[in-house]
Amino acid sequence: MGRTRTFGAEFPHMRSRIVAAGLAVNLAAAVVAAIAPAGASTPSNIGAASVPGLAKGFRLVGHTDLAKRGMNSPIAVAGRCVYLGDRYYSSSASEGTRPNGGIAIVDVKNPAKPKQVGIIPPIALSTQREMRADAGLGILVVEGYSPFIDGWTPGGTPINYLKVYDIHSDCLHPKLLSTYDFGPRAPHEFFLWKDPKHPGRSLAYVTFTIYSPDLMVIDFADPARPTLAGVFDLGIDQAQKTVDFADESGSGYTHSLTVSDDGTRAYMAAWDYGFYTLDTSLLANPAADSMGVARPVGIGKLDYGHNVHSAVQIPGRQEMLFTQEDYANAGHGCPFGILRTGKMDANGDGGATLDGTFSLPENDPKNCGKKNGTFSSHNPTLFHDVALLSWYSGGLRAVDLTDPSKLHEDGAFVPRATFTPDRRDSRLFFPSPGKGAGTLPTDTTKPTSSAAPWTGAMWSYPVVQNGLIYVVDIDLGLYILRYTGPHASEVSKAPYVEGNSAPSRYTASAPVLKRPALQWTAIARETATGPRTLVSPYLTVDRKKLERSGFICM
């Protein structure tokens, strides 16, 4: 049988062993308010137009283009070491890995002169798409996934995985400790929760989009021997999840999530199903020798009629921030995704009510195709009064959160490209006139564009370390910035804040979570003969239900 390949930003299925306590709720969709022009005394909730070289409220500190390789992906930061992932994967088993591919290791001891000093090699059929690092815990966690359903063979090279590296003594030379192999099931994103009560323990909350279970939680208390802590599934039939991606039917799959600092709540971004909240207390505080159970805190949800890419609580507020992701030539295309805020339900049922919106001029439907790029909100890192978020071709944006119902722009940074890499992601650009639609099933109104493809797409969660912002551009590499706009003191005093792990450290007085030295002694003994591989118990893929979905090429 020929190799099976999926297309697009999200990937495929399976069936679960756990415990989704009743989420069979179907509330009416909230209608997204139209963005009205602001009055003379009210700051506009529409940011500055995207222009190469725009630098409002940000100062460039350092940059490396990573030898102009392009197709950069996630970022992880730990002290002097920055790790930059690889969006690329081989098109077939016969194609080798690309030159300068894999995870770039960059030394930022001098942030003004970041320098690539090494590489973690790529795996041909897999993309190194998500990463987290923590200097105190001494680990780098890498998620890889593959669009090839039949690229995995039992006992073969893992292509869908979490790999854990030891960086505690030498972050410039990560040492592989273990691999958790997900078999043929491709993960999508993960959130790293660092346990403040159990020294050295962390949990990776891994989402699986249209596979079931939607969520697997992997325990890294012993990073040389990861264990399955628990799973959760929303209960939506997998074949319906693929339809949902195309028609925004509201059935939904889990795209991503964030976890509260104490680990007892998970804020779920279930794509077209909407936002809801899980009680994860039994994962944060597990009973001895037991499997953790997650359950909805109530029947609350928020469905605003478009996808929920990210759902993040604004620090110190009973308020959520949501992003929506749309590509020019995949999924629903233009009009692109905007930013929204929502008040968390006061009755504790886990939902939210829409509050504010923020967008760019390029998000206006009448501007679709005038600029040939993807101008969509993406990954946010939040402070009490300001959000830092990547906006693809719209660069890095700073959005004022002082009043979440009246969002406005505090800053913007859009790189000026001095080169265009050879390797591009074609989904980020509109079809040329006469070329028709993109690769994914869609009911989009996306147009064509005769404009030149835009170079530059800010993608990653910004990471703030010692007041500096580290962020990845898919085309142009690593940027190190200092924020100088309103509420800059919140950012400048932060030792470590990242949008996809918790707890963050907003001030120097916040505790530093460290792995005890005795644990490292035990880990050294365990890995004396080399890293180990552990295999997920969920390995089934239901091909029949996927085959006519239009989402997968069989």
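Each number in my numbering comes from the position in the sequence shown (counting from 1) with 997 added on.
All C-beta atoms in this analysis are idealised placements derived from N, C-alpha and C, irrespective of residue type, glycine included.
Within its chain, find whatever has a CB closer than 8 Å to the CB of residue i; leave out the 5 residues flanking it on each side and keep chain order.
| i | result |
| --- | --- |
| Thr1094 | Ser1087, Pro1118, Pro1119, Ile1120 and Ala1121 |
| Glu1487 | Phe1380, His1381, Asp1382, Val1383 and Tyr1503 |
| Ala1414 | Pro1049, Thr1452, Gly1453, Asp1472 and Leu1473 |
| Lys1106 | Arg1077 |
Would you report the Cα separation of residue i and residue j, rounded to the nearest angstrom?
| i | j | result |
| --- | --- | --- |
| Ala1130 | Ser1253 | 18 Å |
| Lys1194 | Ala1218 | 12 Å |
| Ala1448 | Leu1478 | 29 Å |
| Asp1407 | Arg1314 | 19 Å |
| Ser1533 | Thr1526 | 22 Å |
| Leu1231 | Leu1357 | 33 Å |
| Ala1226 | Val1074 | 26 Å |
| Glu1495 | Ser1501 | 6 Å |
| Thr1399 | Leu1318 | 13 Å |
| Ser1278 | Arg1292 | 9 Å |
| Ile1104 | Asp1147 | A small correction: the amino acid at residue 1104 is Asp; Ile does not occupy that position in the sequence shown. Cα to Cα, Asp1104 sits roughly 37 Å from Asp1147. |
| Phe1272 | Leu1475 | 31 Å |
| His1060 | Asp1083 | 17 Å |
| Lys1160 | Gly1141 | 8 Å |
| His1375 | Tyr1208 | 22 Å |
| Val1114 | Gly1098 | 14 Å |
| Arg1262 | Gln1310 | 11 Å |
| Tyr1389 | Lys1053 | 17 Å |
| Gly1339 | Leu1169 | 41 Å |
| Phe1333 | Thr1124 | 25 Å |
| Val1139 | Ile1100 | 9 Å |
| Asn1023 | Met1341 | Confidence in Asn1023 is poor, its pLDDT being 35 and thus under 50, which makes the residue's placement too unreliable to answer from. |
| Gly1258 | Ser1506 | It is worth fixing the name first, because residue 1258 is Asp in this sequence and not Gly. Spanning the two alpha carbons is a distance of roughly 16 Å. |
| Ser1143 | Pro1040 | 44 Å |
| Asp1286 | Arg1222 | 15 Å |
| Phe1145 | Ala1090 | 10 Å |
| Ser1387 | Asp1470 | 9 Å |
Looking only at its chain, what residues have a beta carbon closer than 6 Å to the beta carbon of residue i, apart from the 5 residues adjacent to it on each side?
| i | result |
| --- | --- |
| Pro1459 | Thr1378, Leu1385, Ile1466 and Val1468 |
| Asn1304 | Trp1268, Asp1269 and Gln1321 |
| Phe1355 | Asn1042, Leu1336, Val1396 and Leu1404 |
| Pro1196 | Pro1513 |
| Gly1133 | Val1509, Leu1510 and Lys1511 |
| Val1214 | Leu1200, Tyr1202, Ala1226, Gly1227 and Leu1280 |
| Trp1190 | Leu1200, Val1256, Gly1260 and Ala1499 |
| Val1294 | Thr1274, Asp1276 and Gly1347 |
| Thr1530 | Thr1176 and Asp1178 |
On the three-state DSSP scale, how would you describe residue i?
| i | result |
| --- | --- |
| Leu1254 | strand |
| Trp1517 | helix |
| Lys1160 | strand |
| Lys1368 | coil |
| Asp1216 | strand |
| Leu1231 | coil |
| Val1538 | coil |
| Leu1351 | strand |
| Arg1512 | coil |
| Glu1140 | strand |
| Arg1522 | helix |
| Ala1449 | coil |
| Val1532 | strand |
| Ser1457 | coil |
| Ala1201 | strand |
| Ser1423 | helix |
| Ala1342 | One point to set straight first is that residue 1342 is Asp, not Ala, in the sequence displayed. The answer is coil: DSSP assigns Asp1342 none of H, G, I, E or B. |
| Glu1359 | helix |
| Lys1191 | strand |
| Val1294 | coil |
| Gly1334 | coil |
| Ala1485 | helix |
| Ser1209 | coil |
| Asp1470 | strand |
Tell me whether residue i counts as near the ligand PLP, meaning its Cβ is closer than 6 Å to at least one heavy atom of that ligand.
| i | result |
| --- | --- |
| Val1105 | Summarising the ligand content, the structure contains no ligands, and the ligand PLP is consequently not present. |
Ignore the nearest five residues each way along the sequence and tell me which others in residue i's own chain have a CB closer than 7 Å to its CB.
| i | result |
| --- | --- |
| Pro1430 | Thr1445 and Ser1447 |
| Phe1426 | Ala1325, Asn1326, Asn1369, Gly1370 and Pro1450 |
| Ala1109 | Val1058 and Gly1059 |
| Asn1364 | Pro1358 |
- Would you say the segment 1148-1162 touches the segment 1175-1188, given that touching needs at least three Cβ pairs under 8 Å? The count of Cβ pairs closer than 8 Å, one atom from the segment 1148-1162 and one from the segment 1175-1188, reaches three, so the stretches are in contact.
- Task: Spell out a yes or no on whether the segment 1416-1426 and the segment 1056-1070 are touching, meaning 3 or more CB-CB pairs, one atom from each, closer than 8 Å.
- Result: Three or more Cβ pairs closer than 8 Å define a contact, and the segment 1416-1426 meets that threshold against the segment 1056-1070.
- Taking only runs of the beta strand (DSSP E) that begin and end inside the segment 1302-1328, which ones reach a length of at least 3 residues, in chain order? Runs of the beta strand (DSSP E) inside the segment 1302-1328: 1307-1310 and 1316-1320.
- Message: As an exercise, report each continuous beta strand (DSSP E) stretch of at least 3 residues that is fully enclosed by the segment 1059-1111, in chain order.
- Response: Listed in chain order, the complete beta strand (DSSP E) runs (minimum 3 residues) inside the segment 1059-1111 are 1069-1075, 1078-1083 and 1100-1104.
- Message: List, from N- to C-terminal side, the beta strand (DSSP E) runs of 3 residues or more that fit wholly inside the segment 1259-1294.
- Response: Counting only runs of 3 or more, we get 1262-1266 and 1272-1276.
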